[in-house]
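Note sheet for the following structure.
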Amino acid sequence: MKIDETFDNFLKSIRRIAYSRFRLIASYLVITIRWILLSVVALLVTYSIGYYKLSIWEVMIVMMIAEIVSTTPIAIPGMLGILDAAVIGSYVALGTPVTIATSIDLLTRLILFVVNIPLTGTLFYKYLKDASDQQQNKS
């Protein structure tokens with residue numbers, strides 16, 4: 001029952017975070033840093049296409065909306081188009097033209113995708129290697 005074991009490990013991890021003040025604060029700190037970095041990337045993309053009418057605070061609000069939408073369970077594979085519509089709509093609501101809002105969203109997503117590939121690939125490789133080592137130690 002691999003699924004039961006995985007679910008139990010997930011619950012143990014949540015309990016460890018919930019009952020440890022340090023882990024709870026560290027989790028919030030990591031989430032905050034991630035949110036700020038996403039906002040900085042989006043702001044740099046905005047400036048790189050020559051649009052200077054958005055402040056960091058407006059971009060942070062848009063990125064916060066994007067995070068909320070991305071964690072909302074919607075029955076569309078990969079949130080295809082939903083996240084983009086929310087981000088573009090948020091930028092347009094702040095007065096950004098649709099073409100510029102679309103450019104900001106797509107370029108930001110492209111940059112984050114390209115950056116995430118080596119990072120997640122490395123972590124996945126490490127996970128597989130550790131799992132393989134544990135399996136060999138059990139034998």
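Reminder that position 42 of the sequence shown reads as 42 in full-length UniProt numbering, one-by-one numbering, no gaps.
No residue lacks a Cβ here, since even glycine has one placed at the ideal position from N, Cα and C.
Please read all numbers here as calculations on a predicted model, not as lab measurements.
Query raised in the report: In or out: V30 buried (at least 16 other Cβ within 10 Å) or exposed?
Result: Under this definition V30 is an exposed residue.
Query raised in the report: Among T71, T72 and A42, which residue has its Cα nearest to the Cα of E58?
Result: Proximity to E58 across T71, T72 and A42 peaks at A42, based on C-alpha coordinates.
Query raised in the report: If you follow the alpha helix (DSSP H) that G95 is part of, which residue opens it and which one closes it?
Result: Premise fails: G95 is in no alpha helix (DSSP H) and is neither H nor E.
Report task. Could you tell me whether the segment 128-136 touches the segment 77-90, where touching means 3 or more Cβ pairs closer than 8 Å? Result -> Touching, no.
Query - Inter-residue spacing [alpha-carbon to alpha-carbon] between R23 and A85 - result: Straight-line Cα distance between these residues: approximately 34 Å.
Report task. Answer yes if the segment 85-96 comes into contact with the segment 113-126, meaning at least three C-beta pairs across the two stretches below 8 Å, and no otherwise. Result -> Contact fails: fewer than three Cβ-Cβ distances are below 8 Å.
Query raised in the report: So which of T120, T96 and N116 has the shortest CA-CA distance to L54?
Result: Proximity to L54 across T120, T96 and N116 peaks at T96, based on C-alpha coordinates.
Query raised in the report: Mapping DSSP to helix, strand and coil, what is P73?
Result: Reduced to three states, the DSSP call for P73 is coil.
Requested in this report: Have a look at L107 and S27 and give me their C-alpha separation to the nearest angstrom.
Outcome: Distance between L107 and S27, taken at the CA atoms: about 28 Å.
Query raised in the report: How would you write the range of the alpha helix (DSSP H) that L54 sits in, first residue to last?
Result: Where L54 is concerned, there is no enclosing alpha helix (DSSP H), given that its DSSP letter is neither H nor E.
Report task. Specify, as a first and last residue, the run of the alpha helix (DSSP H) that I3 falls within. Result -> From DSSP, the alpha helix (DSSP H) with I3 extends over K2 to Y19.
Requested in this report: Check whether the Cβ atoms of S70 and L83 sit closer than 8 Å, and answer yes or no.
Outcome: In this structure, S70 sits near L83, with a CB-CB distance shorter than 8 Å.
Query raised in the report: Grouping DSSP H, G and I as helix and E and B as strand, with all else coil, what is L38?
Result: Judged by DSSP in its simplified three-state form, L38 adopts helix.
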